[in-house]
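Start counting the sequence shown at 1; every next residue gets the next number (UniProt numbering).
For every residue, glycine included, the Cβ atom is placed at its ideal position computed from N, Cα and C.
For reference, the structure discussed in these notes is given below.
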Amino acid sequence: MPIRTAVPPRVLTVAGSDSGGGAGIQADLKTMLALGVHGMSVLTAVTAQNSLGVQGAWELPVDAVRAQYRSVVDDIGVQAVKTGMLASAALVETVAELLAGTDAPVVVDPVGVSKHGDALLAAEALDSVRTKLLPVATVATPNLDEVAQFTGATVTDESGMRRAAEEILAFGPRWVVIKGGHLPGEAVDLLTDGSAEHWLRAPRHDNRHTHGTGCTLASAIASGLALGRDVPTAVREAKAYVTGAIEAGFPLGGGIGPVDHGWQTRPAADPAS
Numbered sequence: 001m002p003i004r005t006a007v008p009p010r011v012l013t014v015a016g017s018d019s020g021g022g023a024g025i026q027a028d029l030k031t032m033l034a035l036g037v038h039g040m041s042v043l044t045a046v047t048a049q050n051s052l053g054v055q056g057a058w059e060l061p062v063d064a065v066r067a068q069y070r071s072v073v074d075d076i077g078v079q080a081v082k083t084g085m086l087a088s089a090a091l092v093e094t095v096a097e098l099l100a101g102t103d104a105p106v107v108v109d110p111v112g113v114s115k116h117g118d119a120l121l122a123a124e125a126l127d128s129v130r131t132k133l134l135p136v137a138t139v140a141t142p143n144l145d146e147v148a149q150f151t152g153a154t155v156t157d158e159s160g161m162r163r164a165a166e167e168i169l170a171f172g173p174r175w176v177v178i179k180g181g182h183l184p185g186e187a188v189d190l191l192t193d194g195s196a197e198h199w200l201r202a203p204r205h206d207n208r209h210t211h212g213t214g215c216t217l218a219s220a221i222a223s224g225l226a227l228g229r230d231v232p233t234a235v236r237e238a239k240a241y242v243t244g245a246i247e248a249g250f251p252l253g254g255g256i257g258p259v260d261h262g263w264q265t266r267p268a269a270d271p272a273s
């Protein structure tokens, strides 16, 4: 078997752990592997988490997060960085400072609550996300609940998504993806930099097992950027990947199961079985 010598693009996730394997660091690394990049991680928090919710969360010390980041970036280097659960104002500000000194595109998933409604970001950290983290983002990917957290706006339709994008862009990211998956009808997202608008639409799959969609989308976008895609192409391809992963989501435990990060490589089901 030939020995591979080419180094794949490297993507770093800075996020919390999901012990159930459906979201967080675990979802990020699965996504990166599926999309052909080398995934690396900086752990910010440990959660006790399963298909029913988050039973506990413990953030890591700032020094531990900084040391992990410097260890990876200074030796291995990165072509893109994705952030997820940062938990506290101190961690948000530390990570924002590290990102500002890193020459790579940054995808910020401003994680505020879990799929089950569990808080994953301290209320006092919201302002740090607005003023420190979003300004260093190449792409920010808030869902509608997170839009409400950061802007106070309740989005109920596509015109509201456009207004929400304007408000998030005012905090400083170059691009924003407003994820409209919580709205009725087809799954629609809005990507914009304030001038160009890209409405991304996909059929809504009748599958409740959608744990990890936000982490997966942000990691897929970061992977695309590391592979050299421009932002609209990276987001469009990420949307297609996540749509397939949602369709293939499977039951796990007694609650909401995960999306299937490996759906592209699964053997097709035998229609006769």
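Three or more C-beta pairs below 8 Å linking the segment 221 to 241 and the segment 27 to 42 = yes
Quick one: which unbroken alpha helix (DSSP H) runs of 4-plus residues sit fully inside the segment 125 to 162? Chain order, please.
-> 144 to 151
Beta-carbon proximity of Ser88 to Ala140, cut-off 8 Å | no
Consult DSSP for Ala15 and reduce its assignment to one of helix, strand or coil.
-> Reduced to three states, the DSSP call for Ala15 is strand.
With contact counted as at least three CB pairs below 8 Å, one residue from each stretch, are the segment 234 to 249 and the segment 126 to 135 in contact?
-> no
Which one of Trp175, Phe171, Pro173 and Asn143 has the shortest CA to CA distance from Gly160?
-> Asn143
Nearest CA to the CA of Lys239: which residue from His261, Gly22 and Ser17?
-> His261
Is it buried or exposed for Glu186, if we count other Cβ within 10 angstroms and need 16 for buried?
-> The residue is exposed, with fewer than 16 neighbouring Cβ atoms inside 10 Å.
Which word fits Gly249, buried or exposed, when buried means at least 16 other C-beta atoms lie within 10 angstroms of its C-beta?
-> buried
Skipping 5 residues on each side, what residues in its chain have a beta carbon closer than 7 Å to that of Trp199?
-> Val188 and Leu190
Is it buried or exposed for Trp175, if we count other Cβ within 10 angstroms and need 16 for buried?
-> buried
Within 10 angstroms of the Cβ of Val136, are there 16 or more other Cβ atoms? Answer buried if so, exposed if not.
-> buried
Looking only at DSSP bridge pairs, what is Gln49 linked to?
-> Val54
With 16 as the cutoff for other CB atoms within 10 Å, does Ser219 come out buried or exposed?
-> buried
Ignore the nearest five residues each way along the sequence and tell me which others in Val9's own chain have a CB closer than 6 Å to its CB.
-> Per the sequence shown, the amino acid found at residue 9 is Pro instead of Val. So the qualifying residues of the chain are Val37, Gln79, Ala226 and Leu227.
Check Ala96 in the structure and name its three-state DSSP category.
-> helix
Buried or exposed (CB count within 10 angstroms, at least 16 for buried), Ser195 | Answer is exposed; the Cβ neighbour count stays below 16.
From the DSSP output, in three-state form, read off Ala23 for me.
-> coil
Closest residue to Gly214 among Ala148, Ser19 and Ala23 (Cα-Cα distance) | Looking at the Cα atoms, Ala23 is the closest of the given residues.
Looking at C-alpha atoms only, which residue of Gly20, Gly255, Val7 and Pro258 is the closest neighbour of Ile76?
-> Ranking the options by Cα distance to Ile76, first place goes to Val7.
In angstroms, rounded to a whole number, what distance separates the CA positions of Ser41 and Arg163?
-> Rounded to the nearest angstrom, the two C-alpha atoms are 34 Å apart.
Buried or exposed: Leu52, going by 16 or more other Cβ atoms within 10 Å of its Cβ?
-> exposed
Mind pulling the alpha helix (DSSP H) runs of 4 or more residues that sit fully within the segment 215 to 265?
-> 231 to 247
Report all residues from its chain with a CB closer than 7 Å to the CB of Ala245; omit the five preceding and five following residues, and keep chain order.
-> Only residues of its own chain outside the window of five on either side were considered, and among them Thr216, Val259, Asp260, His261 and Trp263 have a CB closer than 7 Å to the CB of Ala245, listed in chain order.
Range of the contiguous beta strand (DSSP E) that encloses Val81 = Here the beta strand (DSSP E) through Val81 covers Ala80 to Thr83.
Beta bridge counterpart(s) of His211 as assigned by DSSP | Looking at the DSSP assignment, His211 forms a beta bridge with Pro258.
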